[in-house]
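Enquirer: Please read through the structure below; I'll follow up with questions.
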Amino acid sequence: MLATSRVEPLVLPGPPLRQIRISRISNITLIRRSSSSSAAEAMEEQQRQRVVVCGGGVIGACTAYFLAKKGAAVTLVEKSSIACAASGKAGGFLAIDWCDGGPLSSLARASFNLHRSLAQDLDGPQSYGYRPLTTLSLTITESQTPHPQNPTQSLPSWVDGPARNPRTIGTTNTTAQVHPELFTRTLLTKAVEEHGVEVVIGKLESVAVEGGGVRAALLEGGREIVADAVVLALGPWSGKLSILSSIFRVYGLKAHSIVLEPKEPGAISPHALFLTYYAAQGGKPMDPEVYPRPTGMFTDHMFWIICIISLNCLVAEKMWGNW
Ligand SMILES: Cc1cc2nc3c(=O)[nH]c(=O)nc-3n(C[C@H](O)[C@H](O)[C@H](O)COP(=O)(O)OP(=O)(O)OC[C@H]3O[C@@H](n4cnc5c(N)ncnc54)[C@H](O)[C@@H]3O)c2cc1C
1 MLATSRVEPL
11 VLPGPPLRQI
21 RISRISNITL
31 IRRSSSSSAA
41 EAMEEQQRQR
51 VVVCGGGVIG
61 ACTAYFLAKK
71 GAAVTLVEKS
81 SIACAASGKA
91 GGFLAIDWCD
101 GGPLSSLARA
111 SFNLHRSLAQ
121 DLDGPQSYGY
131 RPLTTLSLTI
141 TESQTPHPQN
151 PTQSLPSWVD
161 GPARNPRTIG
171 TTNTTAQVHP
181 ELFTRTLLTK
191 AVEEHGVEVV
201 IGKLESVAVE
211 GGGVRAALLE
221 GGREIVADAV
231 VLALGPWSGK
241 LSILSSIFRV
251 YGLKAHSIVL
261 EPKEPGAISP
271 HALFLTYYAA
281 QGGKPMDPEV
291 YPRPTGMFTD
301 HMFWIICIIS
311 LNCLVAEKMW
321 GNW
């Protein structure tokens, strides 16, 4: 986990005048050129737009990565640790066309395609479990009596519950997944190592505005980071800042999830399941989602999904969003 923003100066062998400052922030190494570079470099540095990105979730990490890649001098401020909230606990499910017909359609399509190309650039399959998926919808009716093995060919072998009406709702061309925490951390590590992003662990308290423009990000404890622009990517906490809440409302939705560790990772086929689940005692059907992934299985909404799939689970950990 990222833990500190302390920077220890270190001179590495290399071209003259080229000092590199390295600080270990746990598993991320921070590398920045020092200000003692050539005058031209110093001038160039001065002309770079200084952007403070607040929030170390997937939105903050991606924003920092792409801005720094375009040449901005980026500092990312995270109050706790990188991907500690929804961005570390999500299903990591991606779909190209599930927003079609709505205002987010083109954004969702661009995002899906960007994930595909990022996975090539960042070795996504190895680094953060990127993989295309077949996505099924199923109906399960809970039963107290033992049921025979599922005869339906289209179901993955690890579904042994009384499943009905399997329907393919996404193919390997239209749906995919990532491990969200690994994705966020991989991208930020790249941003730090190759594009000089600095990570600061600290809590943003407010944004200083002067003459109609942003002047600095103000952190708890009095630290001030001067900026030409501040990006607020604080997830559901964004609404706590009056600069935003005075304009529009941001709020969070709680969801719970569990991660199960399978005994046989090889049995985890590239499928995602969207279930309509009828409990034995009746009541409204529920709609858990199941995202098996090579890096640990994830179920969304209900923890007892474990009852209707057979995965020889070693560990069942209930995980809650921390807001
Ligand atoms: C259970 C669950 C399953 C999900 N499944 C999917 C899915 O399958 N596919 C999908 O696309 N989306 C999914 N989502 C939604 C997705 O996870 C979120 O939309 C996304 O992670 C939001 O990212 P974010 O960076 O905006 O916010 P967050 O991940 O909430 O990050 C905000 C960060 O800001 C930091 N912060 C807060 N206040 C401050 C402050 N004052 N100063 C500094 N830092 C601060 C927090 O510590 C946090 O790290 C799921 C969400 C949940 C909860």
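Using the UniProt record's numbering, the final residue of the sequence shown is 323, and nothing's skipped along the way.
A virtual CB, placed ideally from N, CA and C, is assigned to each residue, including glycine.
All values derive from a computational prediction rather than experimental measurement.
Nearest-angstrom Cα distance between L17 and S38?
Expert: Indexing the sequence shown from 1 puts residue 17 at position 17. Indexing the sequence shown from 1 puts residue 38 at position 38. A caution first: L17 carries a pLDDT of 22, below 50, which makes its placement in the model unreliable, though a value can still be read off. When rounded, the distance between both Cα atoms is 7 angstroms.
Enquirer: From the DSSP output, in three-state form, read off P162 for me.
Expert: The sequence position of residue 162 within the sequence shown is 162, counting from 1. Three-state result, P162: coil.
Enquirer: Using DSSP's beta-bridge definition, name the partner residues of G129.
Expert: In the sequence shown, counting from the first residue as 1, residue 129 sits at position 129. None, per the DSSP bridge assignment.
Enquirer: Please tell me whether, using a cut-off of 6 angstroms, the distance from the CB of W237 to the nearest non-hydrogen atom of ligand 1 is below it.
Expert: Sequence index remark: in the sequence shown, residue 237 carries index 237 (1-based). Yes, the Cβ of W237 comes within 6 angstroms of a heavy atom of ligand 1.
Enquirer: Consider the C-beta atom of G101 and the heavy atoms of ligand 1; say whether any pair is separated by less than 6 angstroms.
Expert: Reading the sequence shown from its first residue, position 101 is the one you call residue 101. Checking the Cβ of G101 against ligand 1 gives no.
Enquirer: Let's see if you can read the secondary structure: which residues bound the alpha helix (DSSP H) around T134?
Expert: Taking the first residue of the sequence shown as 1, we reach residue 134 at position 134. That residue, T134, is in no alpha helix (DSSP H); its beta strand (DSSP E) goes 134-141.
Enquirer: Could you check whether the region 86-95 touches the region 190-209, counting it as contact only if at least three pairs of C-beta atoms, one from each stretch, sit closer than 8 angstroms?
Expert: The answer is no - the region 190-209 does not touch the region 86-95, with fewer than three Cβ pairs under 8 angstroms.
Enquirer: Opposite T201 in the DSSP bridges: which residues?
Expert: Mapped onto the sequence shown, residue 201 falls at position 201. According to the sequence as given, residue 201 is Ile; it is not Thr. Answer by DSSP bridge pairing, in chain order: E78.
Enquirer: Kindly list the residues whose CB is nearer than 6 angstroms to the CB of D228, restricted to its own chain and excluding five residues on each side of it in sequence; keep chain order.
Expert: Stepping through the sequence shown from its first residue, residue 228 is reached at position 228. The answer, listed in chain order, is Q49, R50.
Enquirer: With a floor of 3 residues, list each beta strand (DSSP E) that falls wholly inside the region 251-302, ordered by position along the chain.
Expert: Segments of the beta strand (DSSP E) lying fully in the region 251-302: 256-262, 271-278, 289-291, 297-300.
Enquirer: Starting from Q177 and walking both ways along the beta strand (DSSP E), at which residues does that stretch end?
Expert: Here residue 177 refers to the residue found at position 177 of the sequence shown. Q177 -> beta strand (DSSP E) spans 175-177.
Enquirer: I need the straight-line Cα distance from A72 to L155, nearest angstrom please.
Expert: Mapped onto the sequence shown, residue 72 falls at position 72. Mapped onto the sequence shown, residue 155 falls at position 155. Taking the straight line from one Cα to the other gives about 48 angstroms.
Enquirer: Which residue from T184, S81, I96, D97 puts its Cα closest to that of I59?
Expert: Here residue 59 corresponds to residue number 59 of the sequence shown, with the count starting at 1. Among T184, S81, I96, D97, the Cα nearest to that of I59 is on T184.
Enquirer: Specify the secondary structure class of A216 as computed by DSSP and reduced to three states.
Expert: Numbered from its first residue, the sequence shown carries residue 216 at position 216. Residue state, collapsed to three classes: strand.
Enquirer: What would DSSP say about C84, mapped onto helix, strand or coil?
Expert: Position 84 of the sequence shown, counted from the first residue, corresponds to residue 84. Three-state result, C84: coil.
Enquirer: With DSSP as the reference, please indicate the residues paired to I59 in a beta bridge.
Expert: Position 59 of the sequence shown, counted from the first residue, corresponds to residue 59. Partner(s): none; I59 has no beta bridge.
Enquirer: Quick check: what's the CA-CA separation for A233 versus E205?
Expert: Residue numbering aside, residue 233 sits at position 233 when the sequence shown is read from its first letter. Residue numbering aside, residue 205 sits at position 205 when the sequence shown is read from its first letter. Their Cα atoms are separated by approximately 13 angstroms.
Enquirer: Go through its chain and collect everything with a Cβ distance to A108's Cβ below 6 angstroms, but skip five positions before and after it.
Expert: Numbered from its first residue, the sequence shown carries residue 108 at position 108. Correct list, in chain order: C99.
Enquirer: Considering only residues of the same chain and omitting the five flanking positions on each side of L275, which have a CB-CB separation below 6 angstroms?
Expert: Walking along the sequence shown from the start, residue 275 turns up at place 275. Correct list, in chain order: L138, I140, P288.
Enquirer: Rounded to whole angstroms, what is the Cα-Cα separation between G212 and L94?
Expert: Reading the sequence shown from its first residue, position 212 is the one you call residue 212. Reading the sequence shown from its first residue, position 94 is the one you call residue 94. Cα to Cα, G212 sits roughly 39 angstroms from L94.
Enquirer: Please name the residue, chosen from R293, G57, V53, that lies closest to Q177 on a Cα-to-Cα basis.
Expert: The sequence position of residue 177 within the sequence shown is 177, counting from 1. The shortest C-alpha separation from Q177 is found at R293.
Enquirer: Using alpha carbons as the reference points, say which of L182, F248, G283, A119 lies closest to G56.
Expert: Here residue 56 is taken as the residue at index 56 of the sequence shown, counted from 1. Answer by Cα proximity: L182.
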